[in-house]
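Just below is one structure, and these are the notes that go with it.
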Amino acid sequence: MIRTDIRLGLPSKGALYNDAFDFLAACGLKVYRPNPRQYEATIPSLPGLTVMFQRPGDIVTGVRQGSIDFGITGLDILAEKAHGRSQNILVLHDELGFGPCTLNLAIPDEKPVHTMVELAAWAKELGEDGRSLRVATKFPKTTGAFLEQHGVAPVRLINVEGTLEIAPTIGYADIIADLVSSGITLRDNHLRPLDDGLILNSQACLIANKTALQTRPEVLSVARQLIEYIEAHLRAENSFLVITNVRGDSPEAIAQKMLDQPHLRGLRGPTIAPVVPQQAAPDEPTWFAVNIVVQKPNLFQAIAELRQIGGSGVVVSPCKYIFEEVPERYRAMLAALDGNR
Numbered sequence: 005m006i007r008t009d010i011r012l013g014l015p016s017k018g019a020l021y022n023d024a025f026d027f028l029a030a031c032g033l034k035v036y037r038p039n040p041r042q043y044e045a046t047i048p049s050l051p052g053l054t055v056m057f058q059r060p061g062d063i064v065t066g067v068r069q070g071s072i073d074f075g076i077t078g079l080d081i082l083a084e085k086a087h088g089r090s091q092n093i094l095v096l097h098d099e100l101g102f103g104p105c106t107l108n109l110a111i112p113d114e115k116p117v118h119t120m121v122e123l124a125a126w127a128k129e130l131g132e133d134g135r136s137l138r139v140a141t142k143f144p145k146t147t148g149a150f151l152e153q154h155g156v157a158p159v160r161l162i163n164v165e166g167t168l169e170i171a172p173t174i175g176y177a178d179i180i181a182d183l184v185s186s187g188i189t190l191r192d193n194h195l196r197p198l199d200d201g202l203i204l205n206s207q208a209c210l211i212a213n214k215t216a217l218q219t220r221p222e223v224l225s226v227a228r229q230l231i232e233y234i235e236a237h238l239r240a241e242n243s244f245l246v247i248t249n250v251r252g253d254s255p256e257a258i259a260q261k262m263l264d265q266p267h268l269r270g271l272r273g274p275t276i277a278p279v280v281p282q283q284a285a286p287d288e289p290t291w292f293a294v295n296i297v298v299q300k301p302n303l304f305q306a307i308a309e310l311r312q313i314g315g316s317g318v319v320v321s322p323c324k325y326i327f328e329e330v331p332e333r334y335r336a337m338l339a340a341l342d343g344n345r
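Under the numbering used here, the letters of the sequence shown match residues 5 to 345, in that order.
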């Protein structure tokens, strides 16, 4: 039976579950889940889309096999679960901005090994003694490929589901490959990352099934809406709309003064329009209303520069969404689909 519904897979529990809920709500895509025990939900602003809750790894498998059309998961999980089998998965957005971590090789503090070159030499010495370098990890495919790339052999990968940090201490592994956020857990267990042992940087990503995008127009339409809302939110994040009145001879003269300042250039330049006074006096200067979008780190410098060119009554409002004519990531998605036909 051919499936006709459209499905989005979200993590069913943990930090990614909470962060995905908060992120989608901030994007204007609030998930409605009346019963926390239900494994289905909806997004009222995207009617026709069914939200399904799964483990992050199952989301990758579901998108690859086509049982779900879209999914939010971690790049680390995507790299592991789709390793060598990602032909039918398209990454629509790889920087959703939550769930950041890194996958690193870590070694006991007392070991005189600090680089991948030194690790390869140690593995070779172990091999000459008749045993392999033992690496405990929850990401054997990704880790194995990284070790092979750096010539570390012989290696025995130990797939561990529980706590990894204890593995070298109790003796069933020499080193570990694990996710690191703050690094506190490694230090508490007398481990340190190798200087160049970063396997990958990870955060939450949005993925989709290529076949569904290519063969079902309704899925392609939902993809555009998802990308539109997400990009509009991310572009607006930490952005402020600054409005002020500036004296000047013309919009062009004011624009030139603004473009000469490092923090007054906006997205594509300032928007300037004449202010219509309630009662115009013969000697009253000409005022113009100026609108500009400014990033948070530049806000106070921008206000100071506006004052320098005659700005008065500066109003600042946070931006909720900034929509592009066509989102760049939507263009990239279409180009990728066209290249795979």
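Heads up, the beta-carbon is just placed ideally off N, CA and C, and yes, glycines get one too.
Item: If I'm right that residue 275 touches residue 318 with Cβ under 8 Å, what's the distance once you round it to whole angstroms?; Value: Not confirmed; about 15 Å, so no contact.
Item: With 16 as the cutoff for other CB atoms within 10 Å, does residue 272 come out buried or exposed?; Value: exposed
Item: Pick from 292, 269, 118: whose alpha carbon is nearest that of residue 277?; Value: 292
Item: One question on the structure: do residue 87 and residue 210 come within less than 9 Å of each other, judged by their Cβ atoms?; Value: no
Item: Which of the three DSSP states is assigned to residue 251 in this structure?; Value: strand
Item: Would a C-beta distance cut-off of 9 Å place residue 202 and residue 147 closer than the cut-off?; Value: no
Item: Does the beta-carbon of residue 57 have 16 or more other beta-carbons within 10 angstroms, so that it is buried, or is it exposed?; Value: buried
Item: Quick check on the DSSP output: the alpha helix (DSSP H) that includes residue 306 runs from which residue to which?; Value: 303-312
Item: Specify the secondary structure class of residue 181 as computed by DSSP and reduced to three states.; Value: strand
Item: Output needed for residue 46: all residues of its chain with C-beta closer than 6 Å, excluding positions within five of it in sequence on either side, in chain order.; Value: 36
Item: What residue range is occupied by the uninterrupted alpha helix (DSSP H) comprising residue 157?; Value: Counting along the chain, residue 157 falls outside any alpha helix (DSSP H), and DSSP gives it neither H nor E.
Item: Helix, strand or coil: how does DSSP classify residue 205 here?; Value: strand
Item: Tell me, to the nearest whole angstrom, how far the beta carbon of residue 77 is from that of residue 15; I am working on the premise that it is less than 8 Å.; Value: 7 Å
Item: Pull up the CB-CB distance for residue 196 and residue 113, whole angstroms please, since I reckon it's below 8 Å.; Value: 6 Å
Item: Relative to the alpha-carbon of residue 28, which residue among 104, 237, 332, 337 has its alpha-carbon at the smallest distance?; Value: 237
Item: Taking the beta strand (DSSP E) that residue 321 falls in, what are its first and last residues?; Value: 315-322
Item: Would you call the segment 18-28 and the segment 61-69 touching, i.e. three or more CB-CB distances under 8 Å?; Value: no
Item: Pick helix, strand or coil for residue 13, following the three-state DSSP scheme.; Value: strand
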